[in-house]
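**Student:**
In our numbering, the protein residues as written are 834 to 1387.
1) I need the boundaries of the alpha helix (DSSP H) containing residue 1363, first residue and last residue.
2) Under a Cβ-count criterion, where at least 16 other Cβ atoms within 10 Å of its own Cβ denotes burial, should residue 1214 be classed as buried or exposed?
3) Using beta-carbon positions only, say whether residue 1195 and residue 949 come within less than 8 Å of one another.
4) Identify, in the order they occur along the chain, each residue of the same chain with its Cβ nearer than 7 Å to the Cβ of residue 1378, setting aside the five sequence neighbours on each side.
5) Pick out whichever of 1244, 1219, 1190, 1178 has its Cα sitting closest to the Cα of residue 1325.
6) So the alpha helix (DSSP H) residue 1380 belongs to, where does it begin and stop?
7) Decide if residue 1284 is buried, meaning its Cβ has at least 16 other Cβ atoms within 10 Å, or exposed.
8) Under 7 Å Cβ to Cβ from residue 1065, same chain only, skipping five residues before and after it: list those, please.
9) Would you tell me roughly how many angstroms separate the C-alpha atoms of residue 1035 and residue 1300, rounded to the nearest one?
10) Return helix, strand or coil for residue 931, following the three-state DSSP convention.
11) Might you give, ordered along the chain, the residues of its own chain that have their beta carbon closer than 6 Å to the beta carbon of residue 863, omitting 5 neighbours on each side?
12) Just confirm the distance between the C-beta atoms of residue 1262 and residue 945, as a whole number of angstroms; I'd bet it's less than 8 Å.
13) Evaluate residue 1268 with the Cβ neighbour count: other Cβ atoms within 10 Å of its Cβ, from every protein chain shown; 16 or more gives buried, anything less gives exposed.
14) I want to check one thing, is the minimum distance from the CB of residue 1082 to the heavy atoms of the ligand SAM below 7 Å?
15) Would residue 913 count as contacting chain B if we go by Cβ distances under 8 Å?
16) Going straight from the alpha carbon of residue 1229 to that of residue 982, what length do you get?
17) For residue 960, is the classification buried or exposed, using 16 other Cβ atoms within 10 angstroms of its Cβ as the cut-off for buried?
18) Report back the beta-carbon spacing between residue 1293 and residue 933 to the nearest angstrom; my notes put them in contact at under 8 Å.
19) Are residue 1344 and residue 971 close, meaning C-beta to C-beta below 8 Å?
20) With a threshold of 8 Å, are at least 3 pairs of Cβ atoms found where one atom belongs to the segment 1007–1016 and the other to the segment 1171–1188?
21) Closest to residue 1327 by C-alpha separation, out of 1314, 1305, 1317, would be which residue?
22) Using a Cβ-Cβ cut-off of 8 Å (strictly less than) and excluding sequence neighbours within five positions of residue 1138, which residues of its own chain qualify?
23) To the nearest angstrom, report how far apart residue 922 and residue 1037 are at their CA atoms.
24) Please state whether DSSP places residue 911 in a helix, a strand or coil.
25) Which same chain residues end up closer than 6 Å to residue 987 when comparing Cβ atoms and leaving out the 5 residues on each side of it in sequence?
26) Residue 1279 and residue 1369: beta carbons closer than 8 Å?
27) Residue 1199 to residue 995, Cα distance in whole Å?
28) Find out if the Cβ-Cβ distance for the pair residue 1163, residue 1187 is shorter than 8 Å.
29) Would you kindly work out how many angstroms separate the C-alpha atoms of residue 1382 and residue 1091, rounded to a whole number?
30) Rounded to a whole number of angstroms, what is the C-alpha to C-alpha distance between residue 953 and residue 941?
31) Identify, in the order they occur along the chain, each residue of the same chain with its Cβ nearer than 7 Å to the Cβ of residue 1372, setting aside the five sequence neighbours on each side.
32) Going along the chain, which residues of its own chain have a beta-carbon closer than 7 Å to the beta-carbon of residue 1080, five neighbours each way excluded?
33) Tell me the rounded alpha-carbon separation between residue 1303 and residue 1073.
34) Around the C-beta of residue 1367, are 16 or more other C-beta atoms found within 10 angstroms, so that it is buried, or is it exposed?
35) How long is the line joining the alpha carbons of residue 1030 and residue 1166, rounded to whole angstroms?
36) According to DSSP, is residue 878 helix, strand or coil?
Structure, rendered in structure tokens:
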């Protein structure tokens, strides 16, 4: 059975009758790992994007992708600003939103697994201007993540030595994250899988160690529960909680990017919903348990936590281990953190290049960026993204580690807010289009259907709007500083970028809100093959415990 993917969209209305629309038919190879592009539009980019990502790759990207500086470093700043209750509230709400978002995205992406993912869906179901604005901000945000992770590299290494210039570490970091994209896509997938496994294993070891310390190991070296018994619950009031929203979205956000990688997977209907379920495991066992251990073991007044006037300090986990006399594990944490930084940086270049390629094929970026070589690599997009990432990373040399970290991380974090408001809005509009055209897509056998609809998208949109407004508030009236335009735009740089991109695109191309009766429900749609239906039949016929075991097999 043939699948289709939308690769070119005219700037205006997104419909089957629109001039400039191009369909790309996916023809699985004998190995089933690639699809060929054919276009009906003269001059449109052609090439192959290979479906080489297997289930274990998608699962590990979902499980270990964000374990890096957000967990091990910025958690210290979240504790300092929000104290224990504020950190638990902030991370708890953002993690809940991430779970809901992944399930909402799974419904649309299982039906339309295009490489443009939620950007393509926003264009076809809401407004092409919204798709462009979100795509541009996600593309730029992914590139800033490369620089933000690179900024942390010399800071982590300073745990051992400060004698090597930061520029040298930046260079090594960039060679690793950029160099692998010169190789076949499978190399990237295996690199992400390997680094993800390593991060997850070490993180579980760290969390188990924190549990042991909570139970009494280390004696009086740690004032357990001091945040809850001797310190103020909310030392910075609501501002402290609001600041945690931004830091938590940096640490746990960006999950929507998994939808882009699923665009190159073999079996999207199987892989994305499973990645969403694995996200639940990560949030409960990693993020929330980490928050509990940190708030019990490290007072928010700890001098070694991140200070606004200095570079990024040691991780709260390392602080605890140093106090109780654990000498080896902190070195292992920092070493794995360095590997994790490289993994996130590499994934960010992959994400940015695929977004750029998809938008080029949708007519939103210059068409040269839509070209793919015979190895399945979008060479021009990758080269462009690599060049911009290199420039942004070396800018850190002049701005300072802490300033660069705050600036770049906030760009990506606030982009998450825009994505998490767009995805539920798109889902509601997709349901409206399916109803208007009497399309039974969600009633077909083994179709992935969102539970708690429409409550889930309404909750996600409302919660994201609240956390975004809270971030605007704390950016306009920062903790411990007088209001200033510099501080505001350090946190909210993505806000004007999104508004300018949306308004500019809409005015220039005169786009209109999509009519649900004519919205495109065919381009990029993927029907389940007989083989896939048989596989799902066998899976759902298994006892629940056997189905559970499939989540830990590769």
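We put the CB at the ideal spot given by N, CA and C, even for glycine.
These numbers come from a predicted model, not from an experiment.
**Tutor:** According to the data block:
1) 1363–1374
2) Taking all protein chains in view, the Cβ of residue 1214 is crowded by 16 or more other Cβ atoms within 10 Å, so the residue is classified as buried.
3) yes
4) none
5) 1244
6) 1377–1382
7) exposed
8) So the qualifying residues of the chain are 916.
9) 31 Å
10) helix
11) Bear in mind that a pLDDT of 31 at residue 863, under 50, signals an unreliable position, so the model cannot answer this.
12) Actually they do not touch by this definition, with Cβ atoms about 13 Å apart.
13) exposed
14) Among the components modelled here there is no ligand, and therefore nothing to report on the ligand SAM.
15) As a matter of chain content, chain B is missing from the structure shown, which is built from one protein chain.
16) 11 Å
17) buried
18) 5 Å
19) no
20) yes
21) Cα-wise, what sits closest to residue 1327 is 1305.
22) 909, 910, 912, 913, 1131, 1146, 1149, 1152
23) 23 Å
24) helix
25) Same-chain partners within the cutoff: 999, 1002.
26) With respect to the 8 Å criterion, residue 1279 and residue 1369 are classified as neighbours on the basis of their beta carbons.
27) 43 Å
28) no
29) 22 Å
30) Near 10 Å, if we compare the C-alpha coordinates of residue 941 and residue 953.
31) 1380
32) 907, 910, 911
33) 10 Å
34) exposed
35) C-alpha separation (whole angstroms): 14 Å.
36) Residue confidence is low: residue 878 scores 41 on pLDDT, short of 50, so the model does not pin down where it sits. Its coordinate-derived value is still stated next. The answer is coil: DSSP assigns residue 878 none of H, G, I, E or B.
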